[in-house]
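Enquirer:
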Amino acid sequence: MTNVLKLAERGDYKKLIIEYPDRLARFGYSCIERHLRYCGVEIIAITEKEPRGREQRRQSKYQGKLA
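Just so you know, we're using our numbering here: the sequence shown kicks off at 86 and counts up by one.
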């Protein structure tokens with residue numbers, strides 16, 4: 086993530102293509118998105134949401150670690 090932000094600040098790229106928004110960051114996506122926009126980078130998410138089953142598996146995986 087640090088590299089992504091540094092390269093954006095230097096203007097090394099103008100588009101960042103990601104599969105899902107939460108693949109860029111689990112938390113704080115809006116802050117990262119805002120910073121990248123400020124640097125002139127457009128984020129292109131191929132899919133806005135993960136398939137339902139995949140998202141549920143990940144959530145149950147993390148819930149098990151928190152219990």
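Glycine included, every Cβ here is placed at the ideal spot set by N, Cα and C.
Using the beta-carbon count (16 or more within 10 Å), is Ile102 buried or exposed?
Expert: Answer is exposed; the Cβ neighbour count stays below 16.
Enquirer: In chain order, what are the residue ranges of uninterrupted alpha helix (DSSP H) at least 4 long that sit wholly in the segment 93 to 134?
Expert: Within the segment 93 to 134, the complete alpha helix (DSSP H) runs of at least 4 residues are 106 to 109 and 114 to 123.
Enquirer: Ignore the nearest five residues each way along the sequence and tell me which others in Ala110's own chain have a CB closer than 6 Å to its CB.
Expert: Correct list, in chain order: Ile117.
Enquirer: For chain C, is any of its Cβ atoms less than 9 Å away from the one on Val126?
Expert: Judged by its chain identifiers, the structure shown contains no chain C, having just a single protein chain.
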